[in-house]
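Visitor: In this note's numbering, the protein residues as written are -4 to 1084.
The C-beta atom is built at its ideal place from N, Cα and C for all residues, glycine as well.
Being a predicted model, the structure only gives us computed values, none of them experimental.
Below is a structure I'd like to ask you about.
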């Protein structure tokens, strides 16, 4: 099914269980003797079963943490053997069955889980003993063994006459003692569970032990006819009373790839006619939403929910026939044990494995052949993570919160909703913090009232063009409760768009949002490495109305521009700001440390972490901050109403929790939330005294102090930490003592008595810290960071080897795309900083690049690296780092003095004395080497006098470009132009523009021609300008001519699609200054009539 970005409305009420039925606990246990060899046949065996087992316990999986093995429809819990080969066990639990992981062995190999049935669980212990001597004390230490209802299953490698063995050994006596101690009953009836092909005998090694309460209602059997490639038989057990299994229905989704958009547009136009004028924004929103959804239901198909993929999608008839032949050979061997039959059986078994492997290989080949430029990078990343052992389980096990246990989806949703609501509670603040926030509030009561509208540009009503630009910039996201997706809004007709604009302007003028926009559906996402049974291990992702997000996008663009133009945001804040990035903060700190090393100084850095930064954002405090920054009128009123009255519901499967009020914070997933957070945290370091370095990227903050006297700098930094702590009390934030770290960047030995404290507790001192994705070590050797890069890239190279093959597999271009997306990007990030590492450290990265390129082009191991780089059109990493460093130098040179990082490229006495070629020293040298040091660099940020939303944007007609794409460049574009220009623009004065550049000399110029007026304008421009810049200048000059001559209707024709795209979106990566002039000229022409 094609990608869907939304869910349609369902007739199911929130919290309803779609299907609920009662079955026995049906358990399958099997010693696989390697899932790597026999796992695919095992999956097919499960698929063919009429009744699927509820729990599957597999021993001897032979899996490693880096290997992935899963079954669709089951959640897997594994205990892999990290040291040595073989061993390991895995428990598969059918989706929908409530469970809780009790533990996995560290010395012993077992997985213990609880299967829940209305508060009375059954414990299943999956155990494997690799022929070691068992000890009763070790077995008695296994989690869950003392529960009232327990099932032990697995390969114990124990012999006893109790379960049908010929003799009793030491392990057997230990198991007998365990049965006595725990009151267990062995279900084995003497039938063999393992077949010895050499001797032709059976033995009983796979045991099933159950507690007394289950023994009388349990059944046990084996399948000797289906060993599945192993020498152990599958064993089936049905035990216990009945448990409740919820068959979850997948959330229904819109199938947009099957949508009839023309019909949808017509239906919307008809439906919105009933959306009249109303004083109630709730009424307007309800009518508009109903109209769009009703039109969608009749024109956009709906899926039936998430379908379970086939366990073995590549299974063929040849595989099935090989299995039958193998089983027939096994039956013959059991009847007549001789050498001929033994050889026949082993040959049949080898044929099964060969056939299965070949079928999987063919399927893999087909998959690899589809990897190309259209393959989403996320799909490739997912493959990398799975092959690297990073498995994400989407099922929710039994949740525990205090004495409360959540088993059903409804109970889980309720317990998570309650937890998320408590996370936003002011009760998380200390008594001192609550008192200080109340004092802050009392001082600024006048800043919390609803404000009157102003004549400021911020309060202007929205225009259709502004709304369309925001809609075009929106990326597909899941919808909220109203089920409206961005793709629907992008396909609305003119009348529907007018109604939508009217709705948003009504909200804007009244300063009140529809109640439905304040409701959020929370999807809990498990945090990696956290205990899945605890509600605190889940991150809430809020699904809110896309209509609200669209309006947020417009307001966010306005507010961001206004804050940047006035320069009220902290200069050291780089998060969520245009023309800012994480490297700004990284380079500042790296430069300080390198210069300190020159003079034998030390640098003490503190890296802060805010607890629940977004969740605990104090709303009244945010309004006070907005008022301080001079943000009032409609913008203030909208934000105030946006923040208050919010409610959440948690969705698990199809179950919805009851609604909970949210006391603090902004919704995660909201468009405007990051900008509001920047406003709230803007002055966190304002009270810190001078001489202390500081940086912020959203909530990731750092303070540092350079000096030679460690006692002195510790005292200064402690004063700064105290100031930050006091700021947190005033504004409702708490910094995490556990996650806040201290690093001494020095080559000297640091006294262990030098400590920093936060809230009276000692801050942990570490030798390295990962700051904004870059690992800083105490001596700044970058070895740990390179180790991290190496670890990431090796996983990707392993995947590339898998998808590549000598005779089959992904193409060279597909492999290169994987390299560029997943390896080159990792090598590039932070290279401006870690490029100062020792050559011996950086050489390790050259090896990684050579390995990846060798896999891409299938070259021999002895192929020279230079030849690989030429073949794959990739430059050496040393030159690539210089290229990135030069681009970053140009980025800094184009900034004004408000960017603190620009100090790095200023002349300094330390430059030239460092033993490392760090960016602060090499940046200017690279610029001079390339001849750009003395050039005037165009500004990165431009703030026109007129606000961008007040511009009059010209219409851009893409009909010729669309025709060119449809005809793939083979159409008669010249004839099409004359046809369109006469049909639609016969009354317009046509102005033709063009720019050019000589690639050899760098000479540039442009021309403007008006054939109907016999006008021609030719201009020589500065050398070495880009073609984009010259084309933009040509358009600007044509508009200046139209303004000067006061032409009534003008059609400007340009062959630069990038220039036209910039004009339509008001977005230029290189010449925002010329673009602003273009749009201001258009606005003047329009206003002058």
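Are the beta-carbon atoms belonging to residue 83 and residue 118 less than 8 Å from one another?
Guide: No, these two residues do not count as a Cβ contact at 8 Å.
Visitor: Just the Cα atoms here: how many angstroms apart are residue 169 and residue 26?
Guide: Distance between the alpha carbons of residue 169 and residue 26: 21 Å.
Visitor: For the candidate residues 471, 339 and 737, whose alpha-carbon lies nearest to that of residue 666?
Guide: Ranking 471, 339 and 737 by Cα distance to residue 666 puts 471 first.
Visitor: Three or more beta-carbon pairs under 8 Å between the segment 701 to 715 and the segment 739 to 753, yes or no?
Guide: In short, these stretches touch, since the Cβ pair count reaches three.
Visitor: Only counting runs of 3 or more residues, tell me where the beta strand (DSSP E) segments fall wholly within the segment 84 to 141, in order along the chain.
Guide: With a minimum length of 3 residues, the continuous beta strand (DSSP E) runs that stay inside the segment 84 to 141 are 84 to 89, 94 to 99, 104 to 110 and 117 to 123.
Visitor: Does the beta-carbon of residue 130 have 16 or more other beta-carbons within 10 angstroms, so that it is buried, or is it exposed?
Guide: Flag for residue 130 reads exposed.
Visitor: Do the segment 446 to 458 and the segment 620 to 635 meet, that is, are 3 or more Cβ pairs less than 8 Å apart?
Guide: Segments in contact, yes.
Visitor: By how many angstroms is the C-alpha of residue 156 removed from the C-alpha of residue 163?
Guide: Roughly 6 Å separates the two Cα atoms.
Visitor: In whole angstroms, what separates the C-alpha of residue 267 from that of residue 640?
Guide: The alpha-carbon atoms of residue 267 and residue 640 are separated by roughly 28 Å.
Visitor: Which class does residue 931 belong to by DSSP, given the choice of helix, strand or coil?
Guide: Coil.
Visitor: Any idea what DSSP makes of residue 1075, helix, strand or coil?
Guide: Residue state, collapsed to three classes: helix.
Visitor: Does the separation of the CB atoms of residue 1068 and residue 851 fall below 8 Å?
Guide: No, these two residues do not count as a Cβ contact at 8 Å.
Visitor: Answer yes or no: do residue 22 and residue 234 have a C-beta to C-beta separation smaller than 8 Å?
Guide: Contact: yes.
Visitor: If residue 885 sits next to residue 581, beta carbons under 8 Å apart, how far is it from one beta carbon to the other, in whole angstroms?
Guide: At roughly 18 Å, the Cβ-Cβ gap does not stay under 8 Å, so residue 885 and residue 581 are not in contact.
Visitor: Taking the continuous beta strand (DSSP E) assigned at residue 824, which residues delimit it?
Guide: Run containing residue 824: none; DSSP gives neither H nor E here.
Visitor: Tell me whether the segment 609 to 619 and the segment 720 to 728 touch, counting them as touching only if at least three CB pairs, one residue from each stretch, are closer than 8 Å.
Guide: Short answer: they touch.
Visitor: Distance, Cα to Cα, residue 460 vs residue 948?
Guide: Residue 460 and residue 948: Cα-Cα distance of roughly 7 Å.
Visitor: At which residue ranges does the segment 186 to 264 contain complete beta strand (DSSP E) runs of 3 or more residues, listed in the order of the chain?
Guide: With a minimum length of 3 residues, the continuous beta strand (DSSP E) runs that stay inside the segment 186 to 264 are 189 to 191, 196 to 198, 201 to 206, 214 to 217 and 230 to 242.
Visitor: Using alpha carbons as the reference points, say which of 220, 983, 222 and 205 lies closest to residue 214.
Guide: If we check each option's Cα against that of residue 214, 205 comes out closest.
Visitor: Inspect the CB distances between the segment 760 to 778 and the segment 812 to 828 and report whether three or more fall short of 8 Å.
Guide: Counting Cβ pairs under 8 Å, three or more are found: they touch.
Visitor: Could you check whether residue 1008 and residue 984 sit closer than 8 Å to each other, using their CB atoms as the reference points?
Guide: Yes.
Visitor: Is it true that the CB of residue 754 sits closer than 8 Å to the CB of residue 672?
Guide: Contact: no.
Visitor: Could you check the C-alpha separation between residue 1080 and residue 646 for me, to the nearest Å?
Guide: If I take the Cα positions, the gap works out to 53 Å.
Visitor: Cα separation between residue 756 and residue 532?
Guide: So the alpha carbons of these two residues sit roughly 25 Å apart.
Visitor: Whole alpha helix (DSSP H) runs in the segment 144 to 187 with 4 or more residues, listed along the chain?
Guide: The segment 144 to 187 contains these whole alpha helix (DSSP H) runs: 165 to 177.
Visitor: Short of 6 Å in beta carbon distance, which residues of its chain neighbour residue 1085, apart from the five on each side in sequence? Order them along the chain.
Guide: It is not possible to answer for residue 1085, since the shown part of the chain is limited to -4 through 1084.
Visitor: Does DSSP classify residue 690 as helix, strand or coil?
Guide: Reduced to three states, the DSSP call for residue 690 is strand.
Visitor: Tell me which same chain residues have a C-beta within less than 6 Å of the C-beta of residue 520, skipping the five on either side of it?
Guide: So the list reads 534 and 536, once near-sequence residues are dropped.
Visitor: Taking only runs that begin and end inside the segment 745 to 826, name each unbroken alpha helix (DSSP H) of 4 or more residues, in chain order.
Guide: As far as the segment 745 to 826 is concerned, its whole alpha helix (DSSP H) runs of at least 4 residues are 778 to 798, 807 to 813 and 820 to 823.
Visitor: Less than 6 Å between C-beta atoms, sequence neighbours within five positions excluded: which residues of the same chain meet that for residue 224?
Guide: Result list for residue 224: 33 and 36, in chain order.
Visitor: Quick one: is residue 44 buried, meaning 16 or more other Cβ sit within 10 Å of its Cβ, or exposed?
Guide: Result: exposed.
Visitor: Please give the ranges of any alpha helix (DSSP H) in the segment 851 to 901, keeping only runs that are unbroken, at least 4 residues long and fully inside the region.
Guide: Entirely contained in the segment 851 to 901, the alpha helix (DSSP H) runs reaching 4 residues are, in chain order, 860 to 866 and 872 to 888.
Visitor: Which complete alpha helix (DSSP H) runs does the segment 7 to 73 hold, if anything under 4 residues is left out?
Guide: List check, alpha helix (DSSP H) in window: 30 to 43.
Visitor: Can you name, in chain order, every residue of its own chain whose Cβ lies under 7 Å from the Cβ of residue 1102, other than the five neighbours on each side?
Guide: Since the displayed the chain opens at -4 and closes at 1084, residue 1102 lies outside it and no answer follows.
Visitor: If you draw a straight line from the alpha carbon of residue 238 to that of residue 39, how long is it in whole angstroms?
Guide: Here residue 238 scores only 48 on pLDDT, less than 50, and its place in the model should not be relied on; the value that follows carries that caveat. If you take the alpha carbons of residue 238 and residue 39, they lie about 26 Å apart.
Visitor: Starting from the Cα of residue 265, find the closest Cα among 492, 953, 518 and 651 and give me that residue.
Guide: Answer by Cα proximity: 492.
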